[in-house]
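Q:
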Amino acid sequence: MQRLNILIWHIHGAYLTAITQAEHNWYLPVKPGAPEGYCGRGQDSSMPDYVREIPAGDVQNLDLDLIICQTPRNYQTDRFEILSPEQRKLPTIYLEHNTPEPHPTDSRHPAADDPAVTLVHVTNYNRLMWDNGQTPTRVIKHSVAIDPTIQYTGQRREGIVVVNELQRRGRMAGFDLFEQLRQQLPLTVAGMKSAEIGGIGEIHYTRLHHTVAQYRFLFSPMRYSSLPLAVIEAMTIGMPIVAVATTELPTVIQNGVHGFVSADPAELLAGMQFLLDNPTEARSMGDKARELAAREFGLPRFVDDWNAVFAEVISQASNVNPANEVVY
10 MQRLNILIWH IHGAYLTAIT QAEHNWYLPV KPGAPEGYCG RGQDSSMPDY VREIPAGDVQ
70 NLDLDLIICQ TPRNYQTDRF EILSPEQRKL PTIYLEHNTP EPHPTDSRHP AADDPAVTLV
130 HVTNYNRLMW DNGQTPTRVI KHSVAIDPTI QYTGQRREGI VVVNELQRRG RMAGFDLFEQ
190 LRQQLPLTVA GMKSAEIGGI GEIHYTRLHH TVAQYRFLFS PMRYSSLPLA VIEAMTIGMP
250 IVAVATTELP TVIQNGVHGF VSADPAELLA GMQFLLDNPT EARSMGDKAR ELAAREFGLP
310 RFVDDWNAVF AEVISQASNV NPANEVVY
């Protein structure tokens, strides 16, 4: 498709790295006072050259084709502060990363019933659970853009959790499960503020997977979350997964094939112990996980899906006249 000029806020670094593999001109608004490289274009950045940071005050000078919001603030406040009146009429996508809050079934999405927005969810579970009203919705499954040369070794007889601020996020993120299980077998955590709870600390994204690949398995303790990118990243490098069987995960990980999923902590513990004691079987499960990741979460499919949605919303906008009335 034609190369588009797209405005997107920097919200999730790993997802931003993946979505910008679609070869368009991406603009990331930066507020005054933000440090250089704030949006991820620092020295170690893996983002392409066509991803550009731009001062928020200069956004109105851009010839944009499309706006992507990712948070209620983007949708309700930011776009009205930095976009011109004409830019606010541009095709707009709300990319929703999260499961509904505060209630799992009765939470109305901020963009519900907005006919001018296309709402994109990252899992079918999320789309099912949010009250989207009459807003057009799509699902684009996750992908990740990580170094393809990184391969699972599993040489460390220890499991690893990759979650930012695990303790602060508490039961929703499964902090109590992590604490319970690491008392019974070797298990650590990486991510922001993980060193404060005895983990290995925050590791830059460009180096994270080299470290993770050394551990025997990845554990996802999340009780209520969207499909964690850490799980897809681990599968992509050929790593077996142990995970709490909630939200989208039971539709992805097949128990005993790609690792182990269960809502019973005793079964999770048994799966972890099996992987620690059987490195050959752990590698075999990791190989199957990598095959699944390539098939379901590969970058070519992800980029094609996004380009299809871009083409759809641009086409729909061309069928709306300046009075914002649909032309039949």
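Numbered per my numbering, the sequence shown spans residues 10 to 337.
Glycine included, every Cβ here is placed at the ideal spot set by N, Cα and C.
In this text, all values refer to a predicted model and were calculated from it rather than measured experimentally.
Within its chain, find whatever has a CB closer than 7 Å to the CB of D53; leave out the 5 residues flanking it on each side and keep chain order.
A: Reliability of the predicted coordinates at D53 is poor, the pLDDT of 43 falling under 50, and no value is obtained from them.
Q: Give the DSSP-derived three-state secondary structure of D314 in the structure shown.
A: If DSSP states are grouped into helix, strand and coil, D314 belongs with the helices.
Q: Decide if the stretch 174-183 is in contact with the stretch 134-151; the criterion is three or more beta carbon pairs, one per stretch, under 8 Å apart.
A: Taking 8 Å as the limit for Cβ pairs, the verdict is that the stretch 134-151 does not touch the stretch 174-183.
Q: For V266, count the other beta carbons within 10 Å of its own beta carbon; 16 or more makes it buried, fewer makes it exposed. Which is it?
A: Under this definition V266 is an exposed residue.
Q: Below 8 Å, can you find three or more Cβ-Cβ pairs linking the stretch 277-284 to the stretch 191-198?
A: Touching, yes.
Q: Mapping the DSSP letters down to three states, classify I28 as helix, strand or coil.
A: Note: I28 maps to helix in three-state DSSP.
Q: Identify the continuous beta strand (DSSP E) that holds R97 and give its terminal residues.
A: Segment: none, R97 is in no beta strand (DSSP E) and carries neither H nor E.
Q: Given a cut-off of 8 Å, decide if T255 and A272 are closer than it, judged by their beta-carbon atoms.
A: In contact: A272 and T255 (Cβ atoms closer than 8 Å).
Q: Can you tell which of P64, P81, A31 has its C-alpha closest to the C-alpha of P57?
A: Cα-wise, what sits closest to P57 is A31.
Q: Thinking C-beta only, is I159 closer than 8 Å to T197?
A: Against a cut-off of 8 Å, the Cβ pair of I159 and T197 comes out as no contact.
Q: Closest Cβ-Cβ distance between H218 and chain D: below 8 Å?
A: No chain D is present in this structure, which holds just one protein chain.
Q: So which of K202, V148, L37 has the shortest CA-CA distance to E211?
A: It is K202.
Q: How many Å lie between N264 and H21 at the Cα?
A: Cα-Cα distance, rounded: 29 Å.
Q: Below 8 Å on the Cβ atoms is my guess for H13 versus F311; work out the distance and round it to an integer in Å.
A: What sits at residue 13 in the sequence shown is Leu, not His. L13 to F311, Cβ: 16 Å. No contact.
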